[in-house]
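J.:
Residue numbers (the working numbering): 5 to 524.
Below, the structure written as structure tokens:
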């Protein structure tokens, strides 16, 4: 049963309980409910019988609920809840911003933190140094924001990842322990038993007794489930990717709502290569992810990368409200991200002042010339056979070799400049929480030769998944926001776009989509 002495701060039941009774998906991932009569904590959308109000305590995050002694529900699976995003327009103080940055940084340490040669406290020291604060200050602001210590938060994320892998896959328990950041099976078993009061093998046995739908349909494949807040317009999202897909690197099937692509992920000094395939089943607020065996050891890095790529943590209700003034806005619109910021930077430069089709042609030539074959033991998805060129490969390329592909010399020099500055550019680092850092990154990018404001904003909009960017000099946006037959100046267009804050990036996508529909 939950500890009566747990140091947590429950949320107001007067606000949360009605949403729990309604199973309101808008609150999914924003808080969790612990039920004292069962010792279980659930998502707001859990389909089990609604508990009595007097038995409910509400928590900001899963770590807080587990710190209070609750175990995750086996039915709604809290580990699948979409992440609660911090709105960029918030007046949250600097300490809160740093705490959210620290949470993102801690997540990046999931698979590498539990090492006898690298004590757990060293992770906190590393994150604090990256943020420019002391570890003591980090622990203080983190506890004030999330209700738990950084190390408890990290441990919860690792155990929830392990729980997801135990439930959705048939991977050996040792492989799951290592992928989740535990350097020995004994340490994993001890942590799992202490936190959830059952050994990992018991959870695996329960899963084998009641197989998931995905494993029943495709026993030869191991598919992970990732949830999101509905609605999500998968058709619109994949149409955006399909128009820009580079043959050999990515493939989109609009009939089955599936996108596949190659992927290279750095895990310490090692770079793992493989492929991923994302499928959106109809009628379910979830995405099914399949990946090559070569990428499984890097699953802790792959999952957040995929969530950002497909914008699975978006707030559709808030976005729709922000875009309400647009004519016939697309319901469930998402912001297409990327799986590699360097790749997106190259494609953004190649797309300057040309059509989407022309940019795709140039990108295809570039990959064919400088990319590498994707080598995996298992069968690759059809249309996925190449890896996008690495920064080192582009940095060593001659301007003449790039220019002979039909790329003007100025852009060839820009590509080499980006590659040679990688990864010291702010753009290559973990994205910030504040607008100030965005402005700094924009200025740094625009200081590179041949890289203008539009390209810099596009890179941050998709590479950092920043929801509130708007390039007023974009010709299509100017036309869409101007009276018929007129073209408003950029300053006026920027002022008109203020009504779309804090989701101007989504307004950009909507206006581009409307323009495409008008020409087709």
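Glycine is no exception: its CB is placed at the ideal position from the N, C-alpha and C atoms.
Taking only the alpha-carbon atoms, compute the straight-line gap between residue 420 and residue 451 and give it to the nearest angstrom.
T.: Cα to Cα, residue 420 sits roughly 14 angstroms from residue 451.
J.: Might you give, ordered along the chain, the residues of its own chain that have their beta carbon closer than 8 angstroms to the beta carbon of residue 239, omitting 5 neighbours on each side?
T.: Same-chain partners within the cutoff: 258, 261.
J.: Is it true that the CB of residue 398 sits closer than 8 angstroms to the CB of residue 252?
T.: The answer is no: Cβ separation not under 8 angstroms.
J.: Pairing CB atoms from the region 348-358 with CB atoms from the region 414-431, are three or more of them under 8 angstroms?
T.: In short, these stretches touch, since the Cβ pair count reaches three.
J.: Kindly indicate which three-state DSSP category residue 96 falls into: helix, strand or coil?
T.: With a pLDDT of only 49 at residue 96, under the threshold of 50, the placement of this residue in the model should not be trusted, and no figure is reported.
J.: Would you say the region 461-474 touches the region 148-156, given that touching needs at least three Cβ pairs under 8 angstroms?
T.: In short, these stretches do not touch, since the Cβ pair count stays below three.
J.: Within its chain, find whatever has a CB closer than 8 angstroms to the CB of residue 89; leave out the 5 residues flanking it on each side and keep chain order.
T.: Once the five neighbours on either side are set aside, the close Cβ partners of residue 89 are 317, 318, 319.
J.: When the Cα of residue 32 is compared with those of 63, 177, 166, which residue comes out closest?
T.: Nearest option by C-alpha distance: 63.
J.: For the region 50-91, which segments carrying the alpha helix (DSSP H) assignment without a break, of at least 4 residues, lie completely within its bounds, in sequence order?
T.: You should have 66-71.
J.: Would you kindly work out how many angstroms separate the C-alpha atoms of residue 393 and residue 305, rounded to a whole number?
T.: Residue 393 and residue 305: Cα-Cα distance of roughly 20 angstroms.
J.: Can you tell me whether residue 494 is helix, strand or coil according to DSSP?
T.: Residue 494: helix per DSSP, three-state reduction.
J.: Which residue marks the beginning of the alpha helix (DSSP H) containing residue 198, and which one marks its end?
T.: 189-200 is the span of the alpha helix (DSSP H), which, as asked, contains residue 198.
J.: The beta strand (DSSP E) spanning residue 254 covers which residue range?
T.: Its beta strand (DSSP E) spans residues 254-257.
J.: What is the DSSP secondary structure of residue 276, reduced to helix, strand or coil?
T.: DSSP places residue 276 in strand when its eight states are reduced to three.
J.: Label residue 39 either buried or exposed according to how many other C-beta atoms from any shown protein chain fall within 10 Å of its C-beta, with 16 as the threshold for buried.
T.: Result: buried.
J.: Alpha carbon to alpha carbon, what distance is there between residue 486 and residue 345?
T.: Approximately 32 angstroms between the Cα atoms of the pair.
J.: Provide the residue(s) that pair with residue 32 in DSSP beta bridges, ordered along the chain.
T.: Looking at the DSSP assignment, residue 32 forms a beta bridge with 35.
J.: Quick test of your reading: residue 445 and residue 462, contact by CB under 8 angstroms. State the CB separation rounded to the nearest angstrom.
T.: Contact doesn't hold; Cβ gap of about 13 angstroms is too wide.
J.: Could you have a look at residue 330 and say whether DSSP puts it in helix, strand or coil?
T.: DSSP places residue 330 in coil when its eight states are reduced to three.
J.: Can you tell which of 327, 484, 464 has its C-alpha closest to the C-alpha of residue 508?
T.: Looking at the Cα atoms, 327 is the closest of the given residues.
J.: Count the other CB atoms, across all protein chains shown, that sit within 10 Å of the CB of residue 497; report buried if there are 16 or more and exposed otherwise.
T.: Flag for residue 497 reads buried.
J.: Going by C-alpha to C-alpha distance, which of 254, 499, 271 sits closest to residue 114?
T.: Comparing Cα positions, the closest option is 271.
J.: Given a cut-off of 8 angstroms on the beta-carbon distance, is the pair residue 165 and residue 110 in contact?
T.: Contact flag unset, no.
J.: Along the chain, which unbroken stretches of the alpha helix (DSSP H) at least 4 residues long are found entirely within the region 331-398?
T.: Listed in chain order, the complete alpha helix (DSSP H) runs (minimum 4 residues) inside the region 331-398 are 345-354, 360-374.
J.: Determine the DSSP secondary structure at residue 267, reduced to helix, strand or coil.
T.: Residue 267 falls in the strand class under three-state DSSP.
J.: Counting only the same chain and skipping the five closest in sequence on each side, list residues whose C-beta sits under 7 angstroms from that of residue 219.
T.: The predicted position of residue 219 is uncertain, since its pLDDT is 44 and thus under 50; no value can be drawn from it.
J.: Can you give me the Cβ contacts of residue 74 inside the same chain, cut-off strictly under 7 angstroms, excluding the 5 residues immediately before and after it?
T.: Correct list, in chain order: 6, 38, 43, 44, 45.
J.: For residue 411, which three-state DSSP category applies?
T.: If DSSP states are grouped into helix, strand and coil, residue 411 belongs with coil.
J.: DSSP on residue 226, reduced to helix/strand/coil?
T.: In the structure shown, residue 226 sits in coil (DSSP, three-state: anything other than H, G, I, E or B).
J.: How far does the alpha helix (DSSP H) with residue 239 in it reach, from first residue to last?
T.: Residues 238-248.
J.: In terms of alpha-carbon separation, which member of 48, 235, 17 lies closest to residue 28?
T.: Among 48, 235, 17, the Cα nearest to that of residue 28 is on 48.
J.: Tell me, to the nearest whole angstrom, how far the beta carbon of residue 175 is from that of residue 300; I am working on the premise that it is less than 8 angstroms.
T.: Correct: roughly 7 angstroms between the Cβ atoms.
J.: What span of residues does the beta strand (DSSP E) with residue 293 cover, start to end?
T.: 290-295 is the span of the beta strand (DSSP E), which, as asked, contains residue 293.
J.: Using C-beta distances below 6 angstroms, list every residue in its chain close to residue 465, excluding the 5 sequence neighbours before and after it, in chain order.
T.: Result list for residue 465: 473, 509, in chain order.
J.: Looking only at DSSP bridge pairs, what is residue 281 linked to?
T.: Answer is 264, 294, bridged to residue 281.
J.: Assuming residue 503 and residue 264 are in contact, meaning their beta carbons sit under 8 angstroms apart, how far apart are those beta carbons, in whole angstroms?
T.: Not quite, the Cβ-Cβ distance comes to about 38 angstroms (not below 8 angstroms), so this is no contact.
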